[in-house]
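These notes are about the structure you will find just below.
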Amino acid sequence: MKTGKEALIVEDDREIRKLLANFLKEKGMVITEAGDGDKAYAYMQKQSFDIILLDMMLPFKSGGELIKLLRTNKSKTGNTYTPVIVISAKTDLDTRLGALQAGADDYVTKPFDLNEVYVRIEAVLRRSEGGAYVQTEERKVLTASGVTYNLTDQVVTAGGKPLKLTAKEMKLLLLFMENPQKTFTKANLYKSVWEEDYIYEDNTINVHMSNLRKKLSEATGNDVIETVWGIGYKLKEEK
16 MKTGKEALIV EDDREIRKLL ANFLKEKGMV ITEAGDGDKA YAYMQKQSFD IILLDMMLPF
76 KSGGELIKLL RTNKSKTGNT YTPVIVISAK TDLDTRLGAL QAGADDYVTK PFDLNEVYVR
136 IEAVLRRSEG GAYVQTEERK VLTASGVTYN LTDQVVTAGG KPLKLTAKEM KLLLLFMENP
196 QKTFTKANLY KSVWEEDYIY EDNTINVHMS NLRKKLSEAT GNDVIETVWG IGYKLKEEK
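For the sequence shown, counting from 1, position 123 maps to 138 in the numbering used here; every step adds exactly one.
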């Protein structure tokens, strides 16, 4: 990633904020820090950023409020599309999906690995600059390997046609599409979608993954999700 990218870090925990700021400065990024929602909004009104790293639980204005303000063009940054990565201690699927539906581009849970955060920043910036994400007003569309996931309408299309998926298949697909570089173990998937600890003998994941991959393959003519032997599954990289 080119140096000089400007990032706004919005985090009320000073230790976490400084940890992120110092690490990203070493990577050549220009950092602005805000410890609460009001200060973050003031920065958003007077200057633009290449990316925003945002906690959800903030004093004064919450992370969710800031995303809404940003996506409804009520800030200087909002006049052009600015990617947002949420970094939060909240790990439940509803919160994560809610943040993504509100307009966040990625979601990282605490505790986090600094190198993973940087890789996600690079990936989000590439997608934003390359047009993988399309944002018009409150509509957000995610695309990969011939599959389109409309987060506003919760509609998936593949091969140009609507794809009928179960609720669990939709959640599984969203995990892969929002984390295109991540390999998920069966335990990861089960914990994220079913919100329960994975039992080794449970065949639930195998059945749902098999059905999802079959539907995607038939619709696109490609293997959209690949098996990483001995580990799990990931979204297949586009060539």
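For each residue, glycine too, the CB sits at the ideal point set by N, CA and C.
Of the listed residues the options, nearest to residue i (C-alpha basis)
i    : options                   : result
A55  : I82, G247 and Y164        : I82
L84  : S207, G118, Q196 and M72  : G118
F75  : Y58, G50, T87 and Q62     : G50
T198 : L73, Q116, E252 and G78   : E252
A22  : K33, I46, F38 and D28     : I46
N194 : L231, N218, Y248 and A57  : Y248
N237 : R228, Y58 and L140        : R228
G245 : T87, I220, V239 and K201  : K201
T158 : N226, F191, G78 and T106  : F191
T110 : R86, K125, E80 and M71    : M71
G19  : K33, Q116 and K42         : K42
N130 : S225, F38, K230 and M224  : F38
E221 : A234, E233, K183 and T235 : Sequence inspection shows Asn at residue 221; the Glu mentioned does not correspond to that position. For the residues A234, E233, K183 and T235, the minimum Cα distance to N221 belongs to K183.
K230 : T242, K206, M185 and V243 : M185
D128 : L34, H223, D27 and N226   : L34
D107 : V239, N203 and D53        : N203
R86  : K61, Y58, A57 and Q116    : Q116
Helix, strand or coil at residue i [DSSP, three-state]
i    : result
T106 : coil
N237 : coil
L73  : coil
G118 : coil
T219 : helix
Y164 : strand
L178 : coil
I66  : strand
F199 : strand
Y96  : coil
I46  : strand
K20  : coil
Y133 : helix
Close Cβ partners of residue i (< 6 Å) along its chain, the five nearest in sequence each way excluded
i    : result
Y148 : Confidence at Y148 is low in this model, with a pLDDT of 43, below 50, so its placement is unreliable and no value can be given for it.
K40  : I46
Y205 : Y213 and I220
M44  : K20 and A22
G146 : Any reading at G146 must be qualified, since the residue scores a pLDDT of 45, below 50, and its modelled position is unreliable; the value itself is stated next. Excluding residues within five positions, none has a Cβ falling inside 6 Å.
Chain-order list of residues whose beta-carbon lies under 7 Å from that of residue i (same chain, five-residue window excluded)
i    : result
Q196 : V134 and A138
I31  : none
G36  : The sequence shown places Ala at residue 36, rather than the Gly named in the question. Same-chain partners within the cutoff: I24, I46 and E48.
H223 : K183, E184 and L187
T53  : For the sequence presented, residue 53 should be read as Asp rather than Thr. Hits under 7 Å: F75 and K76.
S207 : L108 and L190
8 Å contact criterion, which residue i and residue j should meet: CB distance rounded
i    : j    : result
L188 : Y164 : 7 Å
V171 : T235 : Wrong, their Cβ atoms sit about 11 Å apart, outside the cutoff.
L140 : K155 : Rounded, the Cβ-Cβ distance is 17 Å, inconsistent with contact.
Close-in-space but distant-in-sequence residues of the same chain around residue i (CB under 8 Å, 5 per side omitted)
i    : result
S103 : D70, M71, M72, G78, T110, A114, Y122, V123, T124 and K125
S232 : D238 and V239
D27  : G50, D51, D70, M72, L73 and P74
V243 : T198 and K249
Contact test: residue i Cβ vs the ligand HEM heavy atom, cutoff 7 Å
i    : result
D109 : The ligand HEM is not part of the structure shown, which contains no ligands of any sort.
Examine the Cβ distances between the stretch 171-182 and the stretch 211-222 and report whether three or more of them are shorter than 8 Å. For the pair of segments examined, the stretch 171-182 was found not to touch the stretch 211-222: the number of CB pairs separated by less than 8 Å stays below three.
Does the stretch 94-110 come close enough to the stretch 63-71 to have 3 or more Cβ pairs within less than 8 Å? Touching, per the Cβ criterion.
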